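Letter by letter, the sequence shown follows residues 16 to 395 in this note's numbering.
Here's the structure, in structure tokens; my notes come after.
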Amino acid sequence: MQQSTWFTPEGLEDLLPPQAEKLEHYRRQLIDGFNLAGFDLVLPPIAEFTDSLLTGTAGHMAVDTCRFTDQETGRMMGVRADMTPQVARIVSNRLKAKGSISRLCYVGEVLKTRNNKARGSRSPIQVGAEIYGHEGVESDLEIIELVLDSMQALGLKDIKLNLGQIKIVSELMQAADFDQTQQNRMIDILERKAVPEYQEFVSQLEVSEVLKAKFAILMKLSGDANQVITEVKKHLLGISTDLDSAIDKVESIINAVSESHSLPIHLDVADMRGYQYHTGVIFACYSGGVLQPIARGGRYNNIGKVFGLGLPATGFSLDLRSALDLLPDLELSVKGTVYADASDNSSAMRETIAKHRIQGYRVVKFYSNDELPAGAQKIS
Numbered sequence: 016m017q018q019s020t021w022f023t024p025e026g027l028e029d030l031l032p033p034q035a036e037k038l039e040h041y042r043r044q045l046i047d048g049f050n051l052a053g054f055d056l057v058l059p060p061i062a063e064f065t066d067s068l069l070t071g072t073a074g075h076m077a078v079d080t081c082r083f084t085d086q087e088t089g090r091m092m093g094v095r096a097d098m099t100p101q102v103a104r105i106v107s108n109r110l111k112a113k114g115s116i117s118r119l120c121y122v123g124e125v126l127k128t129r130n131n132k133a134r135g136s137r138s139p140i141q142v143g144a145e146i147y148g149h150e151g152v153e154s155d156l157e158i159i160e161l162v163l164d165s166m167q168a169l170g171l172k173d174i175k176l177n178l179g180q181i182k183i184v185s186e187l188m189q190a191a192d193f194d195q196t197q198q199n200r201m202i203d204i205l206e207r208k209a210v211p212e213y214q215e216f217v218s219q220l221e222v223s224e225v226l227k228a229k230f231a232i233l234m235k236l237s238g239d240a241n242q243v244i245t246e247v248k249k250h251l252l253g254i255s256t257d258l259d260s261a262i263d264k265v266e267s268i269i270n271a272v273s274e275s276h277s278l279p280i281h282l283d284v285a286d287m288r289g290y291q292y293h294t295g296v297i298f299a300c301y302s303g304g305v306l307q308p309i310a311r312g313g314r315y316n317n318i319g320k321v322f323g324l325g326l327p328a329t330g331f332s333l334d335l336r337s338a339l340d341l342l343p344d345l346e347l348s349v350k351g352t353v354y355a356d357a358s359d360n361s362s363a364m365r366e367t368i369a370k371h372r373i374q375g376y377r378v379v380k381f382y383s384n385d386e387l388p389a390g391a392q393k394i395s
């Protein structure tokens, strides 16, 4: 049955002028900035065999991945819901970057099976940058400063940085000798920020009173980063060398970012977002008082292990489509718009059009004088 109006599926939308031009302008600006910072561009395909797309740490994205049968091979394929696993495959399997540091960036559309209005479009324009092959806090800091510099270059206002450290909670669970069931329950409670449930969980732990007190304080360690890190050092240092190192990394990042950027920094020790694949420092960046983050990132070591080369890695991604409303409107970079008679196919007219475009004018062909706006400037 013929319809007079066609609608896109829920959560999928067209970008019309001038929003499409605006997105493309800022996409180029981001990628150019990444390139100047030493990051090389890669462009993975929009669909792959699910054997590689959903393997290893990417398995948690299976529910968000649109799948179909490849008519060439009969194998199952999927449309990417995230580009990070694809970049890990490229680094580990194509570039084989063992023993070297790789800085890569990417941009492309991803697709999710479910519509979550709180998280923006079902088909985000994902832009990101990642560093492979370096374990130290220096690469974490480089990525965080890159995303903050990029947001400032885009003209975003009131930027805030939220930090977390997956390693703190994981080391505490290891010190308490948690089994898998206990780990899963604690992570679930922390992700839901269920305070009464967490208090009950801690009260039932069969650990020393000293260690129980350290678990009890976890959900209170959230707020201004400088204040929270002081409390973290007071209550959590000395449990293990790995835990002390994790705390030291967070403090180093807080100090460095406080010196290089004038913005609020929040630290939440109990933030376990992305626990399935993150292995260290995590972060989220906000702008303009919007509740959903503009960018997310963190450390995810050994992400390429399943592809034959497990490397330390850190990176971030942002959804450019969701950020559009926060970005400044574009100022026209052209000198102006002129009009050329489409019926004039002479070489002189073609040369005149080319000359005007080289000079920065937008040249629009018209088919009749009725199309011309008032005051239009014609060229001949």
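C-beta: ideal position from N, C-alpha, C; glycine also.
If you're wondering where the values come from, they're calculated on a predicted model, not measured in any experiment.
Every unbroken stretch of the beta strand (DSSP E) spanning 3 or more residues and falling wholly within the segment 274-352 is given here in chain order: 280-283, 296-301, 310-314 and 328-334.
DSSP places K172 outside any beta strand (DSSP E), giving it a letter other than H or E.
For R118, the enclosing beta strand (DSSP E) begins and ends at S117 to E124.
Take E39, set aside five residues on each side of it, and no residue of its chain has a beta-carbon closer than 8 Å to its own. Look at V106 here: in three-state DSSP terms it is helix. The C-beta separation of D79 from A96 comes to about 4 Å, placing the pair in contact by the 8 Å criterion. Between the C-alpha atoms of E157 and S358 there is a straight-line separation of about 56 Å. In the DSSP assignment, Q34 falls within the alpha helix (DSSP H) that extends over Q34 to L51. Taking a cut-off of 8 Å on C-beta distances, the segment 336-344 does not touch the segment 354-370, as fewer than three cross pairs fall below it.
In this structure, L171 is the residue among L171, P59, I146 and V210 with its C-alpha nearest to the C-alpha of G303.
Y354 and V379 have their C-alpha atoms spaced approximately 5 Å apart. Around the Cβ of S117, a 10 Å sphere holds 16 or more other Cβ atoms; the residue is buried. Taking a contact to require three or more Cβ pairs closer than 8 Å, the segment 192-207 and the segment 279-288 qualify as touching. The straight-line gap separating the alpha-carbon atoms of T65 and D259 is approximately 39 Å. The Cβ-Cβ distance between A62 and G93 falls below 8 Å. Cβ atoms of L345 and I309 stay farther apart than 8 Å, at about 19 Å. Contact between the segment 258-276 and the segment 203-216 is not established, with fewer than three Cβ pairs separated by less than 8 Å. Ranked by how close their Cα comes to the Cα of S107, the residues K370, Y382 and G323 have G323 in first place.
Close CB contacts of G179 within its chain, under the 6 Å cut and outside five residues either way in sequence, are with D283, D286 and I297 (chain order). The alpha helix (DSSP H) runs of length 4 or more contained entirely in the segment 207-275 are, from start to end of the chain, 210-218, 224-232, 240-251 and 256-275.
In the assembly as shown, I373 is an exposed residue. Its beta-carbon has fewer than 16 other beta-carbons within 10 Å.
If you check the CB distance, N317 and G330 do not come in under 8 Å. Shown here for H75: same chain residues with a beta carbon closer than 8 Å to its own, the five before and five after excluded, namely Q291 and Y292 in chain order. In this structure, the straight-line span from the alpha carbon of I244 to that of V142 is close to 31 Å. Secondary structure at V57: coil, using DSSP grouped into helix, strand and coil. Rounded to whole angstroms, D47 and A168 show a C-alpha spacing of 11 Å. By the CB criterion at 8 Å, I140 and L387 fall outside the cutoff. For V378, the beta-bridge partners assigned by DSSP are V353.
Close CB contacts of S136 within its chain, under the 8 Å cut and outside five residues either way in sequence, are with G26, L27, E28, D334, R336 and S337 (chain order). Buried is the label assigned to A191, since at least 16 other Cβ atoms lie within 10 Å of its Cβ. Linking D164 to K393 through their CA atoms gives a straight-line distance of about 43 Å. By the Cβ-count criterion, D239 is exposed, with fewer than 16 other Cβ atoms from all chains shown falling within 10 Å of its own Cβ. Scanning its chain for C-beta atoms nearer than 7 Å, with the 5 sequence neighbours on each side dropped, one finds around I280 the residues L176, L178, A240, I269, V272 and S273, in chain order.
In the three-state DSSP reduction, M364 falls in the helix class (H, G or I). In this structure, the alpha-carbon of K350 lies about 36 Å from that of P59. If you draw a straight line from the Cα of M364 to the Cα of L306, it comes to about 53 Å.
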